[in-house]
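Novice: Dropping the structure in here first, questions after.
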Amino acid sequence: MITLWGRNNSTNVKKVLWTLEELELPYNQILAGGQHGGNRDADYLALNPNGLVPLLRDDETDVVLWESNTIVRYLAAQYGQKRLWIDAPAARAVGEKWMDWANQTLSPAHRVILFGLVRTPADQRDMAAIEASKQVCDNLFAILDNALTDQPWFSGAEFGTADIAVAPFIYNLFNVGLSWTPLPHLERWYQQLTERPAFQKIVMIPVS
459 MITLWGRNNS TNVKKVLWTL EELELPYNQI LAGGQHGGNR DADYLALNPN
509 GLVPLLRDDE TDVVLWESNT IVRYLAAQYG QKRLWIDAPA ARAVGEKWMD
559 WANQTLSPAH RVILFGLVRT PADQRDMAAI EASKQVCDNL FAILDNALTD
609 QPWFSGAEFG TADIAVAPFI YNLFNVGLSW TPLPHLERWY QQLTERPAFQ
659 KIVMIPVS
């Protein structure tokens, strides 16, 4: 059995939950982090010394993993052959670069906007920081749109792990009340995602 620790509104936990749903894998979720707590308990820290979510344990392979993109890659490789996993290293790397890009380049600006608009009282918001991060995201969205000019997915010809890594950030940013420059390729990609049952179930929940 696969056990996943994490809360449903976590962007990084959503990646893992979504992957599990796409692969139709049975799993047990233990709510942890944020309002649920538990991630600073000694037993949890013994499994993940960072005290963050998500955390995954797979009894089938006797592995314990943290870091969302690592978990997504593992699940795709272990259980997603011919579905999410791409065997050819070069083709796989072309998509996987977006996984690292999402966490390293998009996530910081996303965090400022999410925390600033959703998790901070209106009278305490740093609107200058939020606006600066919106400008960053506008530029990053243009990069994403350009990448989709000649391919339907960030993973290439087929939906894959790169799309799972990027999409939860985009969903949040598209649903916090901001206006964005229309970008046809990015919007087409996003519309495709909204038609996927697993995306609807896991990602398309109120942003909080």
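Using the numbering used here, read the sequence shown as starting at 459 and increasing by one per residue. Cβ coordinates follow ideal geometry from the N, Cα and C atoms, glycine included.
With a threshold of 7 Å, establish whether the CB of I529 neighbours any heavy atom of the ligand COA.
Specialist: Although the ligand COA was asked about, the structure shown includes no ligands whatsoever.
Novice: Enumerate in chain order the residues of its own chain whose CB-to-CB distance from V634 is below 8 Å, with the five nearest sequence positions on each side excluded.
Specialist: For V634, where only same-chain residues beyond five positions count, the Cβ hits under 8 Å are I571, L572, L575, V576, V665.
Novice: Rank F599, N597, R569 by C-alpha distance to the C-alpha of I588 and give the top, closest one.
Specialist: Nearest to I588 by C-alpha distance, out of F599, N597, R569, is R569.
Novice: Can you check which of these residues, T528, I488, A535, is closest to D558 by C-alpha distance?
Specialist: T528
Novice: Can you tell which of L564, W476, W556 has the C-alpha that lies nearest to the C-alpha of W611?
Specialist: W556
Novice: Cα separation between D584 and S591?
Specialist: 11 Å
Novice: Taking the Cβ atom as the reference point for each residue, do V474 and V530 lie within a distance shorter than 8 Å?
Specialist: yes
Novice: Under 8 Å between the Cβ atoms of T519 and Q539?
Specialist: no
Novice: Would you list, in sequence order, the uninterrupted alpha helix (DSSP H) runs of no fewer than 4 residues that lie entirely inside the region 550-578?
Specialist: 565-575
Novice: Need the endpoints of the alpha helix (DSSP H) that D501 sits in, please.
Specialist: 500-505
Novice: Going by beta-carbon coordinates alone, are Y485 and L510 separated by less than 8 Å?
Specialist: By the CB criterion at 8 Å, Y485 and L510 fall outside the cutoff.
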